[in-house]
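Numbering (full-length UniProt numbering), first residue to last: 127 to 593.
The structure appears below as structure tokens.
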Amino acid sequence: RQPDLTCQVLVLGAGPGGYTAAFRAADLDQQVVLVERYEQLGGVCLNVGCIPSKALLHAAKVIDEASHASDFGVSFGAPSIDLDKLRAYKEKVVGGLSNGLAGMAKQRKVTRVTGVGKFVSPNEVEVTTADSTKLVRFEKAIIAVGSQPVKLPGLPWGDPRLMDSTDALMLKDIPKKLLVVGGGIIGLEMACVYQALGTDVTVVELMDQLMPGTDLDLVKPLQARINKRYAGIHLKTKVTGIEALPEGLRATFEGDKAPAPAVFDRVLVSIGRSPNGKKINAEAAGVQVSDRGFIAVDKQMRTNVPHIFAIGDVVGNPMLAHKATHEAKVAAEVAAGLAHEFVARVIPSVAYTDPEVAWVGLTENEAKQKGIAYDVGKFPWAASGRAIGIGRTEGFTKMLYDPATHRVLGVGIVGPHAGDLISEAALAIEMQTEIGDIGLTIHPHPTLGETVGMAAEVCEGTVTDLY
Ligand code: FAD
């Protein structure tokens, strides 16, 4: 069969990985076809992930701050929430960015094909569009098909009261009682939104801490804050069943400290995401996909088939947008014939909860597990003038460094804006900076960013005073 379209680079999936790869390849004068199932570009991150969740978290933060302003003598009264307007705000944020991407694709003469793509040979993808199929022949392909929420089996998934993160972001209503199954980043961010809107939130987590894998000390200030606000946080607890009743979803639990069965108006299941590698008929192209659906790649983002690349969530953890975009640039540049490799030393992680929790590089957990030598310095925000001024002294900034070289190994920050503060630490690790250099760098006073400099000074033993 003759192809309907030919191109040098085909990009499958238009999330942050896919659109970045398409744009970079086009900027390098490649003819690019970008295949995406949905009309809107942007993938999970823009449409049902990073961006809408942060728009809603912004509203949550404003509500929360207003309701605590009485601490300094300002009272606003109970919030009145117009859910339609809040939804419209979120959609406006998403829509504006998505239109921007469409404009950027057009400007770069990227050919967009809307439909579901599947490999039919090592150089062809067949796209099933609304009314036809299109065969696209390519010289190189970049797979950027992302991931989707894991659906816990055996639950009544047809019931609209049972939600995944995409449903929760739709904000259909403000449930009276919400159960969040899974205390990872996504679950806790959504819990934060709903709690601020007035929902009674219960969180259950299978492991012995929230955000498993994160240093426990970083999670503690978050847990202390939400303990007071949520109806319940149950660790080491398993959900054994959810039954759809007319009055709500009845959940049963198992574990030493498991709560009694209870009925909730809605249940959000956020227990992780699974890669979409198995849904693209990759075997027709000879691309190997693991049992779980991941596609293995080398440092140039090549799969086992040298002219086919893969990037983003589908190549592995951490499933983060900023990892996808960096990988995208590598893949696009290599596909266009440039020399490039994914050589980032570290990838920062952020939970945009309140307080935010952010870390980059080596964590203390990991250092202990792997027997890596480290020293640590911690600067408590209770000693930061700015943190005191905003009434948020529960945070801290901690820095792990190599005792032999004094190079920064990892940094963790918990407190408001931690996600904005972590970039300095990422740069320090990428540049193999010594802690002394951070301490000697003049940070503006009084800022929360100053706590990064102060943590370095704690490491060096040169910290002198409270700020
Ligand atoms: P995706 O964004 O998943 O995009 C893949 C695209 O491929 C989709 O548009 C899909 O429709 C398309 N596609 C798949 N198969 C086909 C096919 N066969 N044919 C055509 N098209 C196809 N990350 C962060 O870094 N920061 C955050 O704050 C953050 N918050 C999040 C909040 C939530 C609620 C969720 C769910 C995720 C969040 N993430 C966050 C993770 C982030 O969204 C992902 O890491 C990121 O979207 C991965 O990008 P990607 O390009 O690999 O894939």
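For glycine and all other residues, C-beta sits at the position ideal for the given N, C-alpha and C.
Determine the closest residue to residue i out of the options, with distance taken between C-alpha atoms.
{"i": "residue 430", "options": "255, 411, 239", "result": "411"}
{"i": "residue 222", "options": "351, 467, 167, 579", "result": "167"}
{"i": "residue 249", "options": "279, 134, 447", "result": "134"}
{"i": "residue 448", "options": "552, 492, 517", "result": "552"}
{"i": "residue 415", "options": "426, 427, 425, 401", "result": "401"}
{"i": "residue 252", "options": "131, 171, 367, 231", "result": "131"}
{"i": "residue 216", "options": "185, 458, 194", "result": "185"}
{"i": "residue 128", "options": "155, 583, 262, 256", "result": "262"}
{"i": "residue 545", "options": "307, 578, 381, 322", "result": "578"}
{"i": "residue 390", "options": "460, 276, 286, 343", "result": "286"}
{"i": "residue 471", "options": "456, 393, 488, 239", "result": "488"}
{"i": "residue 587", "options": "501, 548, 570, 572", "result": "501"}
{"i": "residue 442", "options": "312, 403, 547", "result": "403"}
{"i": "residue 385", "options": "365, 256, 515", "result": "365"}
{"i": "residue 573", "options": "258, 583, 343, 547", "result": "547"}
{"i": "residue 162", "options": "256, 380, 342", "result": "256"}
{"i": "residue 362", "options": "380, 480, 372", "result": "380"}
{"i": "residue 159", "options": "234, 345, 484", "result": "234"}
{"i": "residue 490", "options": "535, 266, 371", "result": "535"}
{"i": "residue 392", "options": "370, 571, 383", "result": "370"}
{"i": "residue 145", "options": "190, 270, 156", "result": "270"}
With 16 other CB atoms within 10 Å as the buried threshold, where does residue i fall?
{"i": "residue 164", "result": "exposed"}
{"i": "residue 496", "result": "exposed"}
{"i": "residue 244", "result": "buried"}
{"i": "residue 467", "result": "exposed"}
{"i": "residue 198", "result": "exposed"}
{"i": "residue 298", "result": "exposed"}
{"i": "residue 360", "result": "buried"}
{"i": "residue 353", "result": "exposed"}
{"i": "residue 368", "result": "buried"}
{"i": "residue 558", "result": "exposed"}
{"i": "residue 452", "result": "buried"}
{"i": "residue 225", "result": "exposed"}
{"i": "residue 325", "result": "buried"}
{"i": "residue 475", "result": "buried"}
{"i": "residue 227", "result": "buried"}
{"i": "residue 149", "result": "buried"}
{"i": "residue 209", "result": "exposed"}
{"i": "residue 464", "result": "exposed"}
{"i": "residue 236", "result": "buried"}
{"i": "residue 555", "result": "buried"}
{"i": "residue 143", "result": "buried"}
{"i": "residue 204", "result": "exposed"}
{"i": "residue 510", "result": "buried"}
{"i": "residue 419", "result": "buried"}
{"i": "residue 218", "result": "exposed"}
{"i": "residue 479", "result": "buried"}
{"i": "residue 214", "result": "exposed"}
{"i": "residue 350", "result": "exposed"}
{"i": "residue 302", "result": "exposed"}
{"i": "residue 481", "result": "buried"}
{"i": "residue 515", "result": "exposed"}
{"i": "residue 266", "result": "buried"}
{"i": "residue 425", "result": "exposed"}
Anyone know if the C-beta pair for residue i and residue j falls short of 7 angstroms?
{"i": "residue 278", "j": "residue 288", "result": "no"}
{"i": "residue 621", "j": "residue 309", "result": "As shown, the chain starts at 127 and ends at 593. That puts residue 621 outside it, with no answer to give."}
{"i": "residue 617", "j": "residue 376", "result": "A query on residue 617 cannot be resolved here, the shown segment of the chain reaching from 127 to 593 and no further."}
{"i": "residue 169", "j": "residue 140", "result": "yes"}
{"i": "residue 560", "j": "residue 532", "result": "yes"}
{"i": "residue 110", "j": "residue 507", "result": "Look at the range of the chain in this structure, 127 to 593, and you will see that residue 110 is not part of it."}
{"i": "residue 306", "j": "residue 317", "result": "yes"}
{"i": "residue 525", "j": "residue 503", "result": "yes"}
{"i": "residue 276", "j": "residue 397", "result": "yes"}
{"i": "residue 264", "j": "residue 348", "result": "no"}
{"i": "residue 268", "j": "residue 505", "result": "no"}
{"i": "residue 450", "j": "residue 437", "result": "yes"}
{"i": "residue 183", "j": "residue 345", "result": "no"}
{"i": "residue 295", "j": "residue 327", "result": "no"}
{"i": "residue 151", "j": "residue 458", "result": "yes"}
{"i": "residue 537", "j": "residue 486", "result": "yes"}
{"i": "residue 408", "j": "residue 156", "result": "no"}
Less than 7 angstroms between CB atoms is the rule here; does residue i satisfy it with respect to chain D?
{"i": "residue 201", "result": "Absence of chain D from the displayed structure is noted, only one protein chain being present."}
For ligand 2, any of its heavy atoms closer than 6 angstroms to the Cβ of residue i?
{"i": "residue 427", "result": "By its list of ligands, the structure shown excludes ligand 2, since it contains just ligand 1."}
- Only counting runs of 4 or more residues, tell me where the alpha helix (DSSP H) segments fall wholly within the segment 405-490, in order along the chain. Runs of the alpha helix (DSSP H) lying entirely within the segment 405-490 and spanning at least 4 residues, in chain order: 447-461.
- Message: My parser needs the alpha helix (DSSP H) runs of 4 or more residues fully inside the segment 512-567; what are they?
- Response: Taking 4 residues as the minimum length, the alpha helix (DSSP H) runs contained wholly in the segment 512-567 are 544-556, 561-566, in order along the chain.
- Could you tell me which uninterrupted beta strand (DSSP E) segments, each at least 3 residues in length, are contained entirely in the segment 365-401, listed from first to last along the chain? You should have 374-380, 388-390, 392-395, 399-401.
- Query: Residue ranges of each beta strand (DSSP E) run of no fewer than 3 residues wholly in the segment 227-267, ordered along the chain?
  - Reply: Taking only runs of at least 3 residues, the beta strand (DSSP E) segments lying wholly in the segment 227-267 are 237-240, 242-247, 250-254.
- Just list the alpha helix (DSSP H) runs in the segment 319-370, keeping only unbroken ones of 4 residues or longer that don't cross its boundaries, in chain order. The segment 319-370 contains, as complete alpha helix (DSSP H) runs of 4+ residues, the segments 342-355 (chain order).
- Can you list the beta strand (DSSP E) stretches of 3 or more residues lying completely in the segment 134-190, in chain order? Those beta strand (DSSP E) runs which fall completely within the segment 134-190 and span 3+ residues are 158-162.
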